[in-house]
Amino acid sequence: MAHLTRRRLLQAGTAGVAASAAGVPLAASAQTATPKRGGTVTVALVQAPPSLDAQLTSAQVARDINLHMYETLYARDENAGVVPDLAQGAEVSKDGTTYVFALRPGVKFHNGKTMDSKDVVASLERFRKIGLASILLSGVDRMEASGPLEVTVRLKKVQSNFLDTLSSPGTPLAIYPAEEAAKDPKDFKFIGTGPMKFVEYAPDSHATLERFADYVPNPNYTRRDGFAGRKEMFIDRAIFRFMPESGARTAAIKTGEVLINETTDGPTAKQLAGDPNVQVLKLLPFALQIAKFNHSQAPCDDVNFRRAVTACINAEETMEIAFPDIHKLDGGLVYGYSPYYTKAGTELYNQNNQAKAKEFLAKSKYKGETLTFIVDNTRPPTDTATDLKEQLGQIGIKIDIKVADWPTISTLGFKPEGWHFWTHGLGIEPYEGPAKLMSIWANGISQTKDDPNIDKLYADLLAELDMEKRKAIFAQFQQYMYDNAVVIPLGNYGMFQVVSSKVRNFAPYRIPRLWGTWLEA
Amino acid sequence: MWQFIVRRLLISVPVLALVSLMSFAVIWLVPGDPAAVFLDAGATPQQLAQVRHQLGLDEPFHLQMLAWYGRILHGDLGRSILLNRSVAAAIVERLPVTLSLTALALAFAVAMGIVAGLLAAMRHGGWADQSIMVLALVGLSVPEFWFGLMLIFAFAVRLHWFPAGNFVPINVSFAGWWQSMALPAFTLAAVQMGFIARMTRSAMLEVLHQDFIRTADAKGLPWSVVVARHGLPNALVPILTVIGIVTGGLLGGAVVVEQVFSLPGVGRLVIGAVLSRDFPVIQGTLLFVAVIYLLINLTVDVLYAVVDPRVRLE
Numbered sequence: 006m007a008h009l010t011r012r013r014l015l016q017a018g019t020a021g022v023a024a025s026a027a028g029v030p031l032a033a034s035a036q037t038a039t040p041k042r043g044g045t046v047t048v049a050l051v052q053a054p055p056s057l058d059a060q061l062t063s064a065q066v067a068r069d070i071n072l073h074m075y076e077t078l079y080a081r082d083e084n085a086g087v088v089p090d091l092a093q094g095a096e097v098s099k100d101g102t103t104y105v106f107a108l109r110p111g112v113k114f115h116n117g118k119t120m121d122s123k124d125v126v127a128s129l130e131r132f133r134k135i136g137l138a139s140i141l142l143s144g145v146d147r148m149e150a151s152g153p154l155e156v157t158v159r160l161k162k163v164q165s166n167f168l169d170t171l172s173s174p175g176t177p178l179a180i181y182p183a184e185e186a187a188k189d190p191k192d193f194k195f196i197g198t199g200p201m202k203f204v205e206y207a208p209d210s211h212a213t214l215e216r217f218a219d220y221v222p223n224p225n226y227t228r229r230d231g232f233a234g235r236k237e238m239f240i241d242r243a244i245f246r247f248m249p250e251s252g253a254r255t256a257a258i259k260t261g262e263v264l265i266n267e268t269t270d271g272p273t274a275k276q277l278a279g280d281p282n283v284q285v286l287k288l289l290p291f292a293l294q295i296a297k298f299n300h301s302q303a304p305c306d307d308v309n310f311r312r313a314v315t316a317c318i319n320a321e322e323t324m325e326i327a328f329p330d331i332h333k334l335d336g337g338l339v340y341g342y343s344p345y346y347t348k349a350g351t352e353l354y355n356q357n358n359q360a361k362a363k364e365f366l367a368k369s370k371y372k373g374e375t376l377t378f379i380v381d382n383t384r385p386p387t388d389t390a391t392d393l394k395e396q397l398g399q400i401g402i403k404i405d406i407k408v409a410d411w412p413t414i415s416t417l418g419f420k421p422e423g424w425h426f427w428t429h430g431l432g433i434e435p436y437e438g439p440a441k442l443m444s445i446w447a448n449g450i451s452q453t454k455d456d457p458n459i460d461k462l463y464a465d466l467l468a469e470l471d472m473e474k475r476k477a478i479f480a481q482f483q484q485y486m487y488d489n490a491v492v493i494p495l496g497n498y499g500m501f502q503v504v505s506s507k508v509r510n511f512a513p514y515r516i517p518r519l520w521g522t523w524l525e526a
Numbered sequence: 101m102w103q104f105i106v107r108r109l110l111i112s113v114p115v116l117a118l119v120s121l122m123s124f125a126v127i128w129l130v131p132g133d134p135a136a137v138f139l140d141a142g143a144t145p146q147q148l149a150q151v152r153h154q155l156g157l158d159e160p161f162h163l164q165m166l167a168w169y170g171r172i173l174h175g176d177l178g179r180s181i182l183l184n185r186s187v188a189a190a191i192v193e194r195l196p197v198t199l200s201l202t203a204l205a206l207a208f209a210v211a212m213g214i215v216a217g218l219l220a221a222m223r224h225g226g227w228a229d230q231s232i233m234v235l236a237l238v239g240l241s242v243p244e245f246w247f248g249l250m251l252i253f254a255f256a257v258r259l260h261w262f263p264a265g266n267f268v269p270i271n272v273s274f275a276g277w278w279q280s281m282a283l284p285a286f287t288l289a290a291v292q293m294g295f296i297a298r299m300t301r302s303a304m305l306e307v308l309h310q311d312f313i314r315t316a317d318a319k320g321l322p323w324s325v326v327v328a329r330h331g332l333p334n335a336l337v338p339i340l341t342v343i344g345i346v347t348g349g350l351l352g353g354a355v356v357v358e359q360v361f362s363l364p365g366v367g368r369l370v371i372g373a374v375l376s377r378d379f380p381v382i383q384g385t386l387l388f389v390a391v392i393y394l395l396i397n398l399t400v401d402v403l404y405a406v407v408d409p410r411v412r413l414e
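As given, the protein sequences belong to chains H and X, one line each in that order. My numbering applies: residue 6 is where the first sequence begins, and numbers increase by one. My numbering applies: residue 101 is where the second sequence begins, and numbers increase by one.
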């Protein structure tokens, strides 16, 4: 994404707030601008990462730092498509159970060692053993270094999302040197193959990375592209500073102590839009806001009740209240840029039809009892719950909202009793695609009750290697979700990022990517 | 004196045992699962169970408690769930920040609070007294997070005198450390300053009406000497009590101030631990803070005897 001047923002008619989105190609002015090497960029993050060992955390803030240091065999491009990164490519057997990966030659680790197949196998085995999401590799039968630069993975059965899994930025299957992978995690040194290498970590203060001088950008690409593509570092050093207080982050970017603020609130974004020293950028979509039903609890186990609720919902009003200026009405269960995006069933999105809702409600089991809506104590979800309560109150559904912090609510939400509705965002799942998204409802996880139709569609998707057929299965799934009111999709929301005008060629993405950006003198 | 100190330290042991038991039990009663913090909303129950097992959270209450006491007796506060490192190490590496912030804030609060209180007492009923008391009340009433943000806005954003939140360790640069600590310490001191000023004023007013002060004044000693040599020392006991309480308050206030000014201290560690239900860190820091409080109280008791020989600790 090009550097966006204030004038261009105003020309874009966005009230001084830059419109930008993942998946938008680099603008012409940025492509023709001459990058400059050197300098230090300080990035303000909202909290400290739980770990800088990429395999052991799925925290967003850890991803922000770690994906500059570590790389994976496959990665996601700007539109979340799966593309090779440390691998040159993969040959898949006809039965879909064997993958032979050719590794990119000449890839260096930060300790100077050249990556080979033993490092890859050791890293994947480590993930399978102690990785936070080790379940991702549960379908692997065995792995072997079948050549110096070749790795063979045999699956227990067909798993069409295997490359999706390898490229997941959620808990990245990062490739480490074999000797580091063999160590106890507490002795692990933060060594990867990424364009930046670890320098220092001061707990609760900052993490410092510097440009990895021996990094060779992937020659198979010509431009920055999501988490993959050509990762060319122009900046010498990056300091990721952990600043939980929003006001302090805003002050720091105003004084120039910080050059990138990962996120700010809407009112601050509007206020800063008039400041010529900064650019305010929109990262949209960042997440899909949903309201879940607990299908184990009456009356949410009744499809007529769920249909009454979905018919009543005015998603436009809810999103405007909860995410003013930073939302997009979209009923798709994956983001609009995904090749799997479909409109199937979305005629039932954002219905705002009280008459229809009352008809369904009359046919339902609902007898006027008070239902429990659980929500974590952050502002937008609480606003979402409050507005939905008001809307449902208009057709006679009584709701009691229970607010608590995330650990409390998420623990409750995993249980089949104690709640009827739960609203929260899904960030990485709609990004990663159908398999990841469908897995949330497979085996009755999110609705707390098995749904054989969903389970079958999920199994069909995993067994299907043809992409067009997978698209059709996902469309069927989305249609089913709407027809049976399994969940209430409310729309996409984003976040505002603030970047100093000294930083050039920065493009909002799911992490504040520093490769491809440079500092103006 | 030594007997007193040893006796007090021995009495502290059951207090600490009680604190540790309460901290352990309370955490079990609080809803919320640390394992859930590692996972997003789309996680499976199997993933949750796997993380719980890896973290040892699926052990029964009594086994976890026994393990906790066993570790404490070996001087081990346990291992942080989220940080994957020892709790003691996590506290120790953040302690210099919190201690230096608290010490600097205490110095500000004591110096300015006592001077302001003295001035108010000496100008009792006058405009200086009224103004100081109004300011003290304002200081006591203003929330620390708001006051801190106002100071950042005025002195960092507008005047560029101080950084907005860039902590510099003292061993890297004393000037940098001072710059990064001045605003947080002043924010933290503001509330306690008002408290000390009000107590100093009231203690001094009581002392200044005593016969020995009148006698000293009648002898022709300058009023400043009367106040400094005869008044203040006799008003110090209640002021010391307040300073002891204030020091505890500063430790509590440091949690908020560290958050506002992005200081990597124990307060940030505690907040992060509470939000993520990192039980070992919460338990370890609670125990640690209890020890600090006990030491502060002991120090204050000992100082009573130092400033007032009539107090016999034995």
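C-beta: ideal position from N, C-alpha, C; glycine also.
In its own chain, which residues sit with a C-beta less than 8 Å from the C-beta of H:S122, not counting the 5 before and 5 after it?
For the purposes of this step, residue 122 of chain H is identified with residue 117 of the first sequence, where counting begins at 1. So the qualifying residues of the chain are L108, A150, S151, G152, P153, L154, E155, V156.
Going by CA-CA distance only, name the one from X:L340, X:P380, X:L363 that's closest to X:I214.
The residue you call residue 214 of chain X lines up with position 114 of the second sequence. Selected option, being the one with the closest Cα: X:L340.
So, helix, strand or coil for H:Y79, using DSSP?
As a working note, residue 79 of chain H is residue 74 in the first sequence. Here H:Y79 sits in strand by DSSP.
Would H:F217 count as contacting chain X if we go by Cβ distances under 8 Å?
Position 212 of the first sequence, counted from the start, is the residue given in the question as residue 217 of chain H. Not an interface residue.
Tell me which residues share the same chain as H:Q93 and place their Cβ nearer than 6 Å to its Cβ, disregarding the 5 neighbours each side in the sequence.
Here the question's residue 93 of chain H lines up with position 88 in the first sequence. Within the same chain, H:Q93 has close Cβ partners A107, R109.
Go through the segment 269-320 of chain X residue by residue and report every complete run of the alpha helix (DSSP H) that reaches 4 residues or more, in order.
DSSP runs (the alpha helix (DSSP H)) wholly in the segment 269-320 of chain X: 274-308, 311-318.
Leaving out five residues on either side along the sequence, give the residues of the same chain with a beta carbon under 8 Å from the beta carbon of H:R242.
In the first sequence, counting from the first residue as 1, residue 242 of chain H sits at position 237. If we look at H:R242 and ignore the five residues flanking it on each side, its Cβ neighbours are G44, T45, V46, V204, T213, L214, E215, R216.
What does X:S241 reach in chain H if we use C-beta pairs closer than 7 Å?
Here residue 241 of chain X corresponds to residue number 141 of the second sequence, with the count starting at 1. What X:S241 touches in chain H: nothing, since even the nearest Cβ is about 20 Å away.
Three Cβ pairs or more, each shorter than 8 Å: is that satisfied between the segment 360-370 of chain X and the segment 204-223 of chain X?
No, they do not touch.
Straight-line CA distance for H:Y485 to H:K161?
Within the first sequence, residue 485 of chain H is the residue found at index 480, counting from 1. Within the first sequence, residue 161 of chain H is the residue found at index 156, counting from 1. Distance between the alpha carbons of H:Y485 and H:K161 is about 29 Å.
Does the Cβ of X:R61 have 16 or more other Cβ atoms within 10 Å, making it buried, or fewer, making it exposed?
Look at the range of chain X in this structure, 101 to 414, and you will see that residue 61 of chain X is not part of it.
For a contact defined as C-beta to C-beta under 7 Å, what are the partners of X:Q146 on chain H?
Taking the second sequence and counting its residues from 1, one reaches residue 146 of chain X at position 46. Here the neighbours are I140.
Which one or two residues does DSSP pair with H:E205 in a beta bridge?
As a working note, residue 205 of chain H is residue 200 in the first sequence. According to DSSP, H:E205 bridges with H:T213.
Quick one: which chain X residues come within Cβ less than 9 Å of H:P550?
One cannot answer for residue 550 of chain H here, as it falls past the ends of chain H, which runs 6 to 526.
Verify whether the separation of the beta carbon atoms of X:P55 and X:G248 is less than 8 Å.
Nothing about residue 55 of chain X can be read from this structure; chain X reaches only from 101 to 414.
Is the separation between the beta-carbon of X:T198 and that of X:A354 shorter than 8 Å?
Along the second sequence, one-based indexing puts residue 198 of chain X at 98. Along the second sequence, one-based indexing puts residue 354 of chain X at 254. Contact: yes.
Comparing alpha-carbon positions, which option in H:L397, H:F245, H:P174 lies nearest H:V51?
In the first sequence, counting from the first residue as 1, residue 51 of chain H sits at position 46. Looking at the Cα atoms, H:F245 is the closest of the given residues.
Which whole-angstrom value is the C-beta distance of H:A447 and H:Y463, which I expect to be below 8 Å?
In the first sequence, the residue the question calls residue 447 of chain H occupies position 442. In the first sequence, the residue the question calls residue 463 of chain H occupies position 458. Right, the Cβ-Cβ distance comes to about 4 Å (below 8 Å), so this counts as a contact.
Along chain X, in chain order, which residues have C-beta atoms closer than 7 Å to that of H:S210?
Walking along the first sequence from the start, residue 210 of chain H turns up at place 205. The contacting residues are F267, P364.
Let me know the secondary structure DSSP gives H:D230 once reduced to three states.
By one-based count along the first sequence, residue 230 of chain H stands at place 225. Strand.
Quick check on DSSP: helix, strand or coil for H:H425?
On the first sequence, residue 425 of chain H is found 420 positions in, with the first residue counted as 1. In this structure, H:H425 counts as coil in the three-state DSSP scheme.
Here's the rule: buried if 16 or more other CB atoms are within 10 angstroms of the residue's CB, otherwise exposed. What is H:I318?
Numbered from its first residue, the first sequence carries residue 318 of chain H at position 313. So H:I318 ends up on the buried side.
At a CB-CB cut-off below 7 Å, which residues of chain X make contact with H:A257?
Position 252 of the first sequence, counting from 1, holds the residue named residue 257 of chain H. The contacting residues are A264, G265.
Which residues bound the beta strand (DSSP E) around H:F501?
Here residue 501 of chain H is taken as the residue at index 496 of the first sequence, counted from 1. From DSSP, the beta strand (DSSP E) with H:F501 extends over 492-505.
My assumption, with CB atoms under 8 Å, is that H:A316 sits in contact with H:K361. Please give the rounded CB distance.
The residue you call residue 316 of chain H lines up with position 311 of the first sequence. The residue you call residue 361 of chain H lines up with position 356 of the first sequence. Contact flag correct, Cβ pair sits at about 4 Å.
Mind pulling the beta strand (DSSP E) runs of 3 or more residues that sit fully within the segment 262-328 of chain H?
Counting only runs of 3 or more, we get 265-269, 283-298.
With distances taken Cα to Cα, identify the nearest neighbour of H:N223 among H:A296, H:V339, H:D90.
The residue labelled residue 223 of chain H in the question sits at position 218 within the first sequence. Cα-wise, what sits closest to H:N223 is H:D90.
Less than 8 Å separating the beta-carbons of H:T428 and H:Q294?
Translated into positions along the first sequence, residue 428 of chain H becomes position 423. Translated into positions along the first sequence, residue 294 of chain H becomes position 289. In contact: H:T428 and H:Q294 (Cβ atoms closer than 8 Å).
Less than 8 Å between the CB atoms is what I'm expecting for X:G344 and X:V400, so what's the real figure, rounded?
Within the second sequence, residue 344 of chain X is the residue found at index 244, counting from 1. Within the second sequence, residue 400 of chain X is the residue found at index 300, counting from 1. 4 Å between Cβ atoms; contact.
Can you list the residues of chain H that X:L369 reaches, using a CB-CB cut of under 7 Å?
On the second sequence, residue 369 of chain X is found 269 positions in, with the first residue counted as 1. Within 7 Å Cβ-Cβ: D209.
Give me the Cα-Cα distance between H:N510 and H:A38, rounded to the nearest whole angstrom.
The residue you call residue 510 of chain H lines up with position 505 of the first sequence. The residue you call residue 38 of chain H lines up with position 33 of the first sequence. The straight-line gap from Cα to Cα measures roughly 9 Å.
List, from N- to C-terminal side, the beta strand (DSSP E) runs of 3 residues or more that fit wholly inside the segment 32-68 of chain H.
Complete beta strand (DSSP E) runs here, min 3: 45-50.
Per DSSP, X:F124 is paired with what?
Here the question's residue 124 of chain X lines up with position 24 in the second sequence. According to DSSP, X:F124 bridges with nothing at all.
Does H:K394 get closer than 8 Å to chain X when you measure Cβ to Cβ?
For the purposes of this step, residue 394 of chain H is taken as residue 389 along the first sequence, with counting starting at 1. No, H:K394 lies away from the interface with chain X (no Cβ there is under 8 Å from its Cβ).
What does the Cβ neighbour count give for H:D405, buried or exposed, with the cut at 16 atoms within 10 Å?
Along the first sequence, one-based indexing puts residue 405 of chain H at 400. Its Cβ having fewer than 16 others within 10 Å, H:D405 is exposed.
Quick check on this structure: which residue in X:L369, X:F124, X:Y169 has the alpha carbon closest to the alpha carbon of H:Q249?
If you number the first sequence from 1, residue 249 of chain H lands on position 244. In the sequence as displayed, the identity of residue 249 of chain H is Pro instead of Gln. The shortest C-alpha separation from H:P249 is found at X:L369.
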